[in-house]
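Participant: With the UniProt record's numbering, the residue at position 127 of the sequence shown is 127, and numbering never jumps. Think of the CB as a built atom: it goes at the ideal place given N, C-alpha and C, for glycine as much as any other residue. Bear in mind the structure is a predicted one, so any value in this text is a computation, not a measurement.
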Amino acid sequence: MTSTILTIAMPKGRIFEEAVQMLRNAGYDLPPEFEDSRKLIIDIEQANMRFILAKPMDVPTYVEHGVADVGIAGKDVMLEEKRDVYEVLDLGISRCHLAVAGLPGIELDSVAPKIASKYPNVASSYFRSQGKQVEIIKLNGSIELAPMIGLADRIVDIVSTGRTLKENGLVETEKIMDITSRFIVNPVSYRVKAKVIDDMVGRLEKVIEGKEVVR
Ligand code: PRP
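1) Return the first residue and the last residue of the beta strand (DSSP E) that Arg154 is part of.
2) Quick one: residues with CB closer than 5 Å to any heavy atom of the ligand PRP, in chain order, please.
3) Using a Cβ-Cβ cut-off of 7 Å (strictly less than) and excluding sequence neighbours within five positions of Glu87, which residues of its own chain qualify?
4) Am I right that Ser142 and Gly66 are in contact with their C-beta atoms under 8 Å? What's the rounded C-beta distance?
5) Is the beta carbon of Glu135 sitting closer than 8 Å to the one on Ile115?
6) Spatial neighbours of Asn25 within its chain, please: C-beta separation below 6 Å, excluding the five flanking residues on both sides.
7) Would a C-beta distance cut-off of 8 Å place Val156 and Val213 closer than the cut-off?
8) Asn140: buried (16+ other C-beta within 10 angstroms of its C-beta) or exposed?
9) Confirm, please, whether the CB-CB distance from Ile179 to Asp58 is below 8 Å.
10) Alpha carbon to alpha carbon, what distance is there between Asp69 and Ile5?
11) Just to confirm, are Pro120 and Lys138 a CB contact at a threshold of 8 Å?
12) What is the DSSP secondary structure of Glu64, counted as helix, strand or coil?
13) Kindly list the residues whose CB is nearer than 6 Å to the CB of Val196, restricted to its own chain and excluding five residues on each side of it in sequence; keep chain order.
14) Using only CA atoms, which one of Asp84, Leu40, Pro32 and Leu89 lies nearest to Pro187?
15) I'd like the span of the alpha helix (DSSP H) that includes Ala123, first residue to last.
16) Span of the beta strand (DSSP E) holding Phe183?
17) Do Glu18 and Glu35 count as a contact pair if the criterion is CB distance below 8 Å?
18) Determine the extent of the alpha helix (DSSP H) in which Ala47 is found, giving its start and end residues.
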């Protein structure tokens with residue numbers, strides 16, 4: 001009899017370690033070298049699990065297309081790219097927030113201020129909701145550079161410890177929303193692999209509630 005293999009899309013980078021720890025706490029026996037590997041596909045045969053290690057912004061894409069059954073993605077990513085996936089659990093990890101920031105003492109008074117962000121859709125809908133017309137400049141990283149060198153009047157970005165803003169002489173001007181990581185599921189996989197996905201959801205729920213998980 002062949003067992004069902006569950007493919008899990010994991011976000012590389014700062015969320016990764018917390019996400020791996022959460023799965024270990026949920027009773028999944030992931031080897032210690034898991035974090036050190038440069039492999040992009042890691043099979044854990046005894047657990048019938050396959051992990052694919054993707055850029056955080058791409059995790060929902062893999063899950064939407066069904067090449068991953070489930071995944072872990074930040075709410076920031078979920079808001080930026082509306083994907084056809086189920087957002088099943090708020091894992092409560094990788095807590096940070098989305099904010100508007102800029103140089104201190106500079107008012108946002110130009111007619112269409114320039115806003116730099118990795119999250120053009122989030123930034124645009126936030127300013128629209130505030131009744132402000134802005135010009136969005138999409139960047140892929142090091143967003144804090146933009147106001148410092150005169151590319152933008154403000155940025156919309158993730159703030160975690162606040163160190164990047166502080167060390168670059170920027171201040172937060174508006175908080176947009178709190179962000180945590182979510183457990184997402186492909187709708188077809190949820191039907192076809194219901195048993196194994198429900199088991200994973202149940203285990204993760206226990207970890208979220210602070211209960212012990214029986215391995
Ligand atoms: C993120 C974010 C900020 C920084 C915030 O960038 O875009 O730049 O982290 O973290 P902090 O408040 O703890 O300083 P990331 O390190 O992911 O790299 P990037 O700039 O290349 O996007």
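Facilitator: Judging by the given coordinates:
1) Locating residue 154 in the sequence shown gives position 154, counting from the first residue. Its beta strand (DSSP E) spans residues Arg154 to Val159.
2) Gly141, Ser142, Asp157, Ile158, Val159, Ser160, Thr161, Gly162, Arg163 and Thr164
3) Taking the first residue of the sequence shown as position 1, residue 87 is located at position 87. If we look at Glu87 and ignore the five residues flanking it on each side, its Cβ neighbours are Met78, Arg182 and Ile184.
4) Translated into the one-based positions of the sequence shown, residue 142 becomes position 142. Translated into the one-based positions of the sequence shown, residue 66 becomes position 66. With a Cβ gap of about 33 Å, Ser142 and Gly66 do not count as contacting.
5) Taking the first residue of the sequence shown as position 1, residue 135 is located at position 135. Taking the first residue of the sequence shown as position 1, residue 115 is located at position 115. It is a contact, given that the beta carbons lie within the stated cut-off.
6) In the sequence shown, the residue the question calls residue 25 occupies position 25. Excluding residues within five positions, the ones whose Cβ falls inside 6 Å are Val207.
7) Counting from 1 along the sequence shown, the entry for residue 156 is found at position 156. Counting from 1 along the sequence shown, the entry for residue 213 is found at position 213. No; because the gap between Cβ atoms is not below 8 Å, this pair is not in contact.
8) Here residue 140 refers to the residue found at position 140 of the sequence shown. When all chains shown are included, Asn140 counts as exposed.
9) Mapped onto the sequence shown, residue 58 falls at position 58. Mapped onto the sequence shown, residue 179 falls at position 179. The answer is no: Cβ separation not under 8 Å.
10) Locating residue 5 in the sequence shown gives position 5, where the first residue counts as 1. Locating residue 69 in the sequence shown gives position 69, where the first residue counts as 1. Taking the straight line from one Cα to the other gives about 9 Å.
11) Counted from its first residue, the sequence shown places residue 120 at position 120. Counted from its first residue, the sequence shown places residue 138 at position 138. Contact flag set, yes.
12) Indexing the sequence shown from 1 puts residue 64 at position 64. Helix, per DSSP.
13) Taking the sequence shown and counting its residues from 1, the one referred to as residue 196 is at position 196. Closer than 6 Å at the Cβ level, and outside the excluded window around Val196, lie Thr4 and Leu6.
14) What you label residue 187 is simply residue 187 of the sequence shown in a count that begins at 1. Distances from the alpha-carbon of Pro187 to those of Asp84, Leu40, Pro32 and Leu89 put Asp84 closest.
15) In the sequence shown, counting from the first residue as 1, residue 123 sits at position 123. Pro120 to Ser129 is the extent of the alpha helix (DSSP H) around Ala123.
16) For the purposes of this step, residue 183 is taken as the residue at position 183 of the sequence shown. Where Phe183 is concerned, the enclosing beta strand (DSSP E) stretches over Ser181 to Val185.
17) If you number the sequence shown from 1, residue 35 lands on position 35. If you number the sequence shown from 1, residue 18 lands on position 18. Against a cut-off of 8 Å, the Cβ pair of Glu18 and Glu35 comes out as no contact.
18) Mapped onto the sequence shown, residue 47 falls at position 47. Element bounds for Ala47: n/a, residue is neither H nor E.
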